[in-house]
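The structure appears right after this line, and notes come after that.
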Amino acid sequence: MSSLAARMGDLARERGHLAAAGINPFGVCMDEVTTATEAVIGGRPTILVGTNNYLGLSFAPRAIEAAVEATRRSGTGTTGSRVANGTYAIHQRLERRIADLYERPEALVFSTGYMANLAVLSTVAKPGDTILLDADSHSCIYDGCRLSGATMVRFRHNDVEDLEKRIRRLPKDRTGDLVIVVEGIYSMLGDRAPLAEIVEVKKRHGATLIVDEAHSLGVFGAKGRGLSEEAGVLDEVDFLVATFSKSVGTIGGFCVSNEAGLDLLRYTSRPYVFTASLPPPVVAAAIESIDMMEKGTHLRARLWGNVEHLHRGLTGLGLEILAAESPILAVRMPSEQALLACWMGLLEQGIYVNLALPPATPQGVYLLRCSVCAEHTREQLERVIHAFSEVTGRG
Ligand SMILES: Cc1ncc(COP(=O)(O)O)c(C=O)c1O
Numbered sequence: 054m055s056s057l058a059a060r061m062g063d064l065a066r067e068r069g070h071l072a073a074a075g076i077n078p079f080g081v082c083m084d085e086v087t088t089a090t091e092a093v094i095g096g097r098p099t100i101l102v103g104t105n106n107y108l109g110l111s112f113a114p115r116a117i118e119a120a121v122e123a124t125r126r127s128g129t130g131t132t133g134s135r136v137a138n139g140t141y142a143i144h145q146r147l148e149r150r151i152a153d154l155y156e157r158p159e160a161l162v163f164s165t166g167y168m169a170n171l172a173v174l175s176t177v178a179k180p181g182d183t184i185l186l187d188a189d190s191h192s193c194i195y196d197g198c199r200l201s202g203a204t205m206v207r208f209r210h211n212d213v214e215d216l217e218k219r220i221r222r223l224p225k226d227r228t229g230d231l232v233i234v235v236e237g238i239y240s241m242l243g244d245r246a247p248l249a250e251i252v253e254v255k256k257r258h259g260a261t262l263i264v265d266e267a268h269s270l271g272v273f274g275a276k277g278r279g280l281s282e283e284a285g286v287l288d289e290v291d292f293l294v295a296t297f298s299k300s301v302g303t304i305g306g307f308c309v310s311n312e313a314g315l316d317l318l319r320y321t322s323r324p325y326v327f328t329a330s331l332p333p334p335v336v337a338a339a340i341e342s343i344d345m346m347e348k349g350t351h352l353r354a355r356l357w358g359n360v361e362h363l364h365r366g367l368t369g370l371g372l373e374i375l376a377a378e379s380p381i382l383a384v385r386m387p388s389e390q391a392l393l394a395c396w397m398g399l400l401e402q403g404i405y406v407n408l409a410l411p412p413a414t415p416q417g418v419y420l421l422r423c424s425v426c427a428e429h430t431r432e433q434l435e436r437v438i439h440a441f442s443e444v445t446g447r448g
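Heads up: the sequence shown begins at 54 in my numbering, then just goes up one per residue.
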């Protein structure tokens with residue numbers, strides 16, 4: 054048997070229990086997505102509570118109009134890398150917009166947030182350096198660290214003492230640089246990084262700090278710039294990475310930095326050089342959405358009101374939510390069996406949430422991961438709470 058066939062066999066066994074239960078949570082198809090919070094799934098109108106579309110901007114009329122107009126003017130794709138034929142004036146306009154938002158000299162836009170992390174980590178760190186990364190980091194952070202060739206040292210999730218301890222334990226004759234990488238909000242549990250304390254550690258040890266604001270962009274800070282803005286440490290973050298695929302409602306990634314020479318990544322970074330640039334409609338939509346995000350105090354107010362409402366409703370049923378710090382509300386289930394039954398039950402009631410189970414979850418927990426949107430109506434949230442009460446037999 055080939056090694057690929059053997060691996061496929063392993064995967065089939067791992068997922069066999071899901072198939073046996075008639076469930077393929079990783080193959081859900083949206084027949085049609087009609088608004089930021091509604092879709093048709095399996096012929097059934099469904100409320101979306103698992104999309105990361107925190108501000109609901111994927112359907113913002115301004116963004117749609119700009120995307121249509123850009124498509125008419127410049128076509129559906131660039132068919133080339135940024136360093137060849139794939140830099141249009143609109144890419145530079147988007148980078149200027151982001152640089153101005155963060156009051157930095159320059160911003161770099163990538164084709165995804167995944168690429169942005171690969172590019173930044175593999176350029177900032179090199180063999181001989183040490184990267185200290187939070188154990189619950191997203192896979193693209195792990196991949197970026199591996200690509201850098203630096204030594205990787207994981208510290209316990211959100212544990213600043215453990216971070217400090219691991220730095221002190223590094224060999225005394227170490228010559229390379231220290232890089233610390235964390236996220237603003239962690240995607241599975243929705244908990245926040247203790248950024249102010251991490252900044253203290255960074256300063257004490259002369260490290261470079263990279264913060265991935267994928268889930269916190271648009272959600273925190275007066276201008277929606279992320280947890281670094283909210284925590285008042287924006288100036289201490291050496292490289293801030295984020296994605297357009299969540300609050301911005303489209304696709305792409307970016308990096309801003311205080312470091313002179315960020316521009317060098319345009320020539321040295323493989324994930325920037327060796328892939329096609331974002332299509333004009335995506336770039337046009339991102340420009341409009343970033344503008345709405347920056348001025349989106351009302352959107353954030355609606356979002357946080359919705360988070361509070363759903364949190365109160367679900368905890369009122371006696372359900373355990375692992376962190377109440379962000380628009381991600383991760384409802385803990387007691388077992389895999391309960392998780393699968395509830396997830397399926399919710400879908401049958403027209404509610405889509407993310408099903409999350411080991412090994413994708415920290416500490417092996419079983420989660421019904423809800424993500425709240427500014428565009429959810431109170432009536433939709435009431436229907437979500439009611440469906441949870443039905444499938445869990447509570448309330
Ligand atoms: C923390 C974090 N970083 C990066 C990414 C990747 O972003 P993108 O979807 O733009 O590739 C994700 C996506 O889920 C994420 O959760």
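Built from N, CA and C at the ideal position, the CB exists for glycine as well.
Item	Value
What does the Cβ neighbour count give for residue 316, buried or exposed, with the cut at 16 atoms within 10 Å?	exposed
At a threshold of 7 Å, does residue 271 count as lining ligand 1 (C-beta to nearest heavy atom)?	no
What's the call for residue 180, buried or exposed, on a 16-neighbour Cβ count within 10 Å?	exposed
Mind checking whether the beta-carbon of residue 236 lies closer than 7 Å to any heavy atom of ligand 1?	yes
Taking the alpha carbon of residue 231 as the reference point, which residue from 267, 319, 88, 291 has its own alpha carbon closest?	291
Does DSSP put residue 432 in a helix, a strand or coil?	helix
Are the beta-carbon atoms of residue 213 and residue 162 separated by less than 8 Å?	no
Per DSSP, residue 292 is paired with what?	263, 310
Any heavy atom of ligand 1 closer than 7 Å to the beta-carbon of residue 359?	no
With burial defined as no fewer than 16 other Cβ atoms inside 10 Å of the residue's Cβ, what is the status of residue 433: buried or exposed?	buried
Does ligand 1 have even one heavy atom less than 7 Å from the beta-carbon of residue 187?	no
Cβ-heavy atom distance between residue 298 and ligand 1 below 7 Å?	yes
Confirm, please, whether the CB-CB distance from residue 359 to residue 284 is below 8 Å.	no
Considering just the uninterrupted stretch of the beta strand (DSSP E) at residue 161, what are its terminal residues?	160 to 163
Do residue 303 and residue 335 have their C-beta atoms within less than 8 Å of each other?	yes
Could you tell me if residue 424 is buried or exposed, where buried requires 16 or more neighbouring beta carbons within 10 angstroms of its beta carbon?	buried
Do you know offhand how far residue 116's Cα is from residue 226's?	53 Å
What are the boundary residues of the beta strand (DSSP E) that includes residue 207?	204 to 208
DSSP beta-bridge partners for residue 187?	208
Around the Cβ of residue 121, are there at least 16 other Cβ atoms within 10 angstroms (buried) or fewer (exposed)?	exposed
Just the Cα atoms here: how many angstroms apart are residue 176 and residue 440?	47 Å
Can residue 436 and residue 94 be called in contact, C-beta distance under 8 Å?	no
Residues bridged to residue 134 by DSSP?	329
Are at least three pairs of beta-carbons, each pair with one atom in the region 325 to 340 and one in the region 197 to 209, less than 8 Å apart?	no
Based on the DSSP secondary-structure assignment, which residues constitute the bridge partners of residue 423?	382
May I have the straight-line CA-CA distance separating residue 149 from residue 155, to the nearest angstrom?	10 Å
Please report the Cβ distance between residue 280 and residue 249, rounded to the nearest whole angstrom; I am assuming they are in contact, meaning their Cβ atoms lie under 8 Å.	Not really, about 10 Å apart at Cβ, beyond 8 Å.
Leaving out the 5 sequence neighbours to the left and right, which residues in its chain are closer than 6 Å to residue 417 when beta-carbon positions are compared?	411
Please tell me whether residue 305 and residue 165 are closer than 8 Å, where the distance is taken between their beta carbons.	yes
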